[in-house]
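Undergrad: The numbering used here puts the sequence shown at residues 39 to 493.
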Amino acid sequence: MENYEGKQFEEIMLDTLCDLTIEKGPIDQELYSKYEVKRGLRDLDGRGVLVGLTEIGEVHSYIIDEGEMVPVPGRLIYRGYDIEDLSRGFMEDNRFGFEETAYLLLFGNLPNKQELLDFHHLLDIYQKLPDNFARDMILNAPSKDIMNGMARSVLGFYSYDSNPDNTSIRNVLKQCIRLIAAFPSIAVYCYQAYTHYHGNESLVIHSPQPELSLAENILYMLRPNHKYTQLEARLLDLALVLHAEHGGGNNSSFVTHVVTSTGTDTYSAIASALGSLKGPKHGGANHKVIQMFQDIKENISDWQNEELLTEYLNRILKKEAFDGSGLIYGIGHAVYSISDPRAVVLKHYASKLAAEKGLENEFQLYAKVEELAPQIIAKHMKIYKGVSANVDFYSGFVYQMLNLPLEMFTPIFALSRIAGWSAHRIEEILNGGKIIRPAYKNVVPRQKYVPLNNR
């Protein structure tokens, strides 16, 4: 390759190295069974491998009856409180619930009125980004992906912190609350920088308003005219609450535990969690739900015709329609089988927003696919448990009704889950555990070294 230079050499070299890498091939699948490897840290029956204890969140989807795993309607528990009870409490009181939920996750109990007021005030103080932060960390190097921009911004906080490596509970708590408060501004500013520098749109930056809830501020800063209805803000707030925590075993929260166990700083741990959530197998699924429904609407003339819908969903499963993946996005979950409690709650209130927006027909389409898809999947696949709509099935629809840009769907997830990540980081520090280091067995044969001139 000595005759090639520059870009030509680079491309040829990369192709060659790629071929060498692919030639190695995947590890023999039978070895996983031979050595009883728990792939994905899950047993063959779908139960997660127990790797830790937590007092923060619980995902409940089955009971053990005479040694058998029996699926039950899903429940999501925050610090001992059922998510349905929590959401019903603030929704019926006609107030916002995310700040209260963040308090609960961080401190383990529901705040009284004065404690909640004080916590709101502390969040208000921390909402303002450091001087020149937006310009230096976001606008000067706009990312084409909002999650990437958020991760870089979180790492940037390290440079603005006078004591970034202090892992005392007081200092970490301060850092986490600052990030919870600042995440809406970071996400919105990253999006606005993206649309300006990569989409040639006007750059409009709005500062958060201290009298507003975090959910209201997201809409206030995103929309040029600042306008939103109370139902819109409350539905977004509800979505934040439902996404705030999902036990220690979900990938990004587990990442938070793993990275925290090394003794590193808060910003490195949270940036790692953001990198996990960015993946389409974790936080990016609601994108696909929206795209799938757009495809369904373009290819089916009568949305309420069960026969047409069933036929098209069958085609999706056979990899003959949509993206060829064979997946009906938004249906199925690693833990829940009969129902995802987050989807149940969100569906109830999504119907109200659909009525306000005049989108009842579209809501009925979602409901019909939710009804048909599990039946169709059961006929096509051998599955150890049932499948049902997961939270992504309705969250994307809600975000779409709120006119949130598609690029903001996963960042909205992050704006919520930062509360859970923070609680898990603090829990890991409090427990003072060992560095988390699972085992991997090497299955390559031993090799005898060959001198360079003999290769």
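Glycine is no exception: its CB is placed at the ideal position from the N, C-alpha and C atoms. Note that this is a predicted model, so its numbers are computed, not measured.
1. Helix, strand or coil: which one does DSSP assign to A220?
2. Please go through the same chain and pick out, in chain order, the residues whose beta-carbon is closer than 6 Å to the beta-carbon of V425, but skip the five residues on each side of it.
3. Quick check for students: name the residue ranges of the alpha helix (DSSP H) that lie wholly in the segment 328-368, counting only runs of 4 or more.
4. Let me confirm a value: T298 is counted as buried when at least 16 other C-beta atoms fall within 10 Å, else exposed. Which label applies?
5. Return the chain-ordered list of same chain residues with a C-beta closer than 6 Å to the C-beta of G146, the five sequence neighbours on each side being excluded.
6. Please report the straight-line C-alpha distance between Y100 and G287, rounded to a whole angstrom.
7. Quick check: the segment 160-170 against the segment 207-227, are there 3 or more CB pairs under 8 Å?
8. Since L114 sits in a beta bridge, which residues does DSSP pair it with?
9. Just to confirm before moving on: does the CB-CB distance between H284 and L114 stay below 8 Å?
10. What is the rounded straight-line gap between the Cα of N480 and the Cα of R77?
11. Name the two residues that bound the continuous alpha helix (DSSP H) containing G187.
12. Buried or exposed: where does S363 fall if 16 or more other Cβ atoms within 10 Å of its Cβ makes it buried?
13. Can you tell me the Cβ-Cβ gap for F431 and A381, rounded? I've got them flagged as a contact below 8 Å.
14. Round the Cβ separation of M188 and P449 to the nearest angstrom and send it over; I've been treating them as touching at under 8 Å.
15. What is the C-beta distance between L410 and L347, in whole angstroms, given that I count them as a contact (C-beta under 8 Å)?
16. Scan the segment 396-438 and note each continuous alpha helix (DSSP H) run of 4 residues or more that stays entirely inside, going in chain order.
17. Taking all protein chains shown into account, do 16 or more other C-beta atoms lie within 10 angstroms of the C-beta of V87, making it buried, or fewer, making it exposed?
18. Give me the residue from H418, I474, H462 and A372 with the minimum Cα distance to R80.
19. Excluding the five sequence neighbours on either side, which residues of its own chain have a C-beta within less than 6 Å of the C-beta of D303, listed in chain order?
20. DSSP three-state label for V488, please.
21. If you count every other CB in all the chains shown that lies within 10 Å of the CB of V110, and 16 or more means buried, which is it?
22. Take every Cβ of the segment 311-326, pair it with every Cβ of the segment 120-128, and state whether three or more of those distances are shorter than 8 Å.
23. Rounded to a whole number of angstroms, what is the C-alpha to C-alpha distance between K62 and Q268?
24. Within 10 angstroms of the Cβ of V293, are there 16 or more other Cβ atoms? Answer buried if so, exposed if not.
25. Does the beta-carbon of F447 have 16 or more other beta-carbons within 10 angstroms, so that it is buried, or is it exposed?
TA: According to the structure shown:
1. The residue given as residue 220 occupies position 182 in the sequence shown. It is helical.
2. Taking the first residue of the sequence shown as 1, we reach residue 425 at position 387. Once the five neighbours on either side are set aside, the close Cβ partners of V425 are I369, G370, P412 and I415.
3. List check, alpha helix (DSSP H) in window: 344-355.
4. As a first step, residue 298 must be located in the sequence shown, where it is residue number 260. With 16 or more neighbouring CB atoms inside 10 Å of its own CB, T298 falls in the buried class.
5. Here residue 146 refers to the residue found at position 108 when the sequence shown is read from its first residue. Same-chain partners within the cutoff: R117.
6. For the purposes of this step, residue 100 is identified with residue 62 of the sequence shown, where counting begins at 1. For the purposes of this step, residue 287 is identified with residue 249 of the sequence shown, where counting begins at 1. Whole-angstrom Cα-Cα distance: 16 Å.
7. Touching, yes.
8. Position 76 of the sequence shown, counted from the first residue, corresponds to residue 114. L114 pairs with V97.
9. As a working note, residue 284 is residue 246 in the sequence shown. As a working note, residue 114 is residue 76 in the sequence shown. Against a cut-off of 8 Å, the Cβ pair of L114 and H284 comes out as a contact.
10. Here residue 480 refers to the residue found at position 442 of the sequence shown. Here residue 77 refers to the residue found at position 39 of the sequence shown. Computed Cα separation, rounded: 15 Å.
11. For the purposes of this step, residue 187 is identified with residue 149 of the sequence shown, where counting begins at 1. For G187, the enclosing alpha helix (DSSP H) covers residues I184 to Y198.
12. As a working mapping, residue 363 is identified with position 325 in the sequence shown. The residue in question, S363, is exposed, as its Cβ has fewer than 16 Cβ neighbours within 10 Å.
13. On the sequence shown, position 393 is the one that residue 431 refers to. On the sequence shown, position 343 is the one that residue 381 refers to. Confirmed, about 6 Å.
14. Numbered from its first residue, the sequence shown carries residue 188 at position 150. Numbered from its first residue, the sequence shown carries residue 449 at position 411. Right, their Cβ atoms sit about 6 Å apart.
15. Position 372 of the sequence shown, counting from 1, holds the residue named residue 410. Position 309 of the sequence shown, counting from 1, holds the residue named residue 347. Contact holds; Cβ gap of about 6 Å.
16. Taking only runs of at least 4 residues, the alpha helix (DSSP H) segments lying wholly in the segment 396-438 are 398-418.
17. Numbered from 1 along the sequence shown, position 49 holds the residue referred to as residue 87. By the 10 Å Cβ count, V87 comes out exposed.
18. Stepping through the sequence shown from its first residue, residue 80 is reached at position 42. For R80, the nearest C-alpha among the options comes from A372.
19. To locate residue 303, count along the sequence shown from 1; it is residue 265. Same-chain partners within the cutoff: P202 and D203.
20. Mapped onto the sequence shown, residue 488 falls at position 450. Here DSSP, grouped into helix, strand and coil, assigns V488 to coil.
21. The count along the sequence shown starts at 1 and reaches residue 110 at position 72. Taking all protein chains shown into account, V110 has fewer than 16 neighbouring C-beta atoms within 10 Å of its C-beta and is therefore exposed.
22. At 8 Å Cβ cutoff, the stretches do not touch.
23. Position 24 of the sequence shown, counted from the start, is the residue given in the question as residue 62. Position 230 of the sequence shown, counted from the start, is the residue given in the question as residue 268. C-alpha of K62 to C-alpha of Q268: approximately 57 Å in a straight line.
24. Numbered from its first residue, the sequence shown carries residue 293 at position 255. V293 counts as buried, since no fewer than 16 other beta carbons sit within 10 angstroms of its beta carbon.
25. On the sequence shown, position 409 is the one that residue 447 refers to. It is buried - the Cβ of F447 has at least 16 other Cβ atoms within 10 Å.
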